[in-house]
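**Student:**
In my numbering, the protein residues as written are 9 to 90.
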């Protein structure tokens, strides 16, 4: 069962960090049911140092997911209690 409250909370955390560090540059922020993860795509293409700096600002683990059609992508895997 999908826990939408946790997904929305996670998206709010991500949006807050991105806006504080980079400004408003989110192209897409959505839950990917297949991956069971929140996927973030920016309107910017970040270099390796900027990716590392941004990842270190999130209160949750962020994985670099490469470049998407618009910019740098990150993935945040949801952890559910079983």
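Backbone N, C-alpha and C define an ideal beta-carbon position, used for all residues, glycine too.
Please say whether residue 45 and residue 72 have beta carbons closer to each other than 8 Å?
**Tutor:** The residue given as residue 72 occupies position 64 in the chain shown. The residue given as residue 45 occupies position 37 in the chain shown. Cβ atoms of residue 72 and residue 45: not closer than 8 Å.
**Student:** Exposed or buried, which one is residue 50 when buried takes at least 16 other CB atoms within 10 Å?
**Tutor:** Position 42 of the chain shown, counted from the start, is the residue given in the question as residue 50. When all chains shown are included, residue 50 counts as buried.
**Student:** Using CA atoms only, rank isn't needed, just tell me which of 10, 70, 36 is closest to residue 78.
**Tutor:** Translated into the one-based positions of the chain shown, residue 78 becomes position 70. Of 10, 70, 36, the residue nearest in Cα terms is 36.
**Student:** Are the beta-carbon atoms belonging to residue 62 and residue 29 less than 8 Å from one another?
**Tutor:** For the purposes of this step, residue 62 is taken as residue 54 along the chain shown, with counting starting at 1. For the purposes of this step, residue 29 is taken as residue 21 along the chain shown, with counting starting at 1. Yes, Cβ-Cβ distance for residue 62 and residue 29 is below 8 Å.
**Student:** Which residues in the same chain have their Cβ closer than 8 Å to the Cβ of residue 21, if we skip the five residues on either side of it in sequence?
**Tutor:** Taking the chain shown and counting its residues from 1, one reaches residue 21 at position 13. The answer, listed in chain order, is 66, 67, 68.
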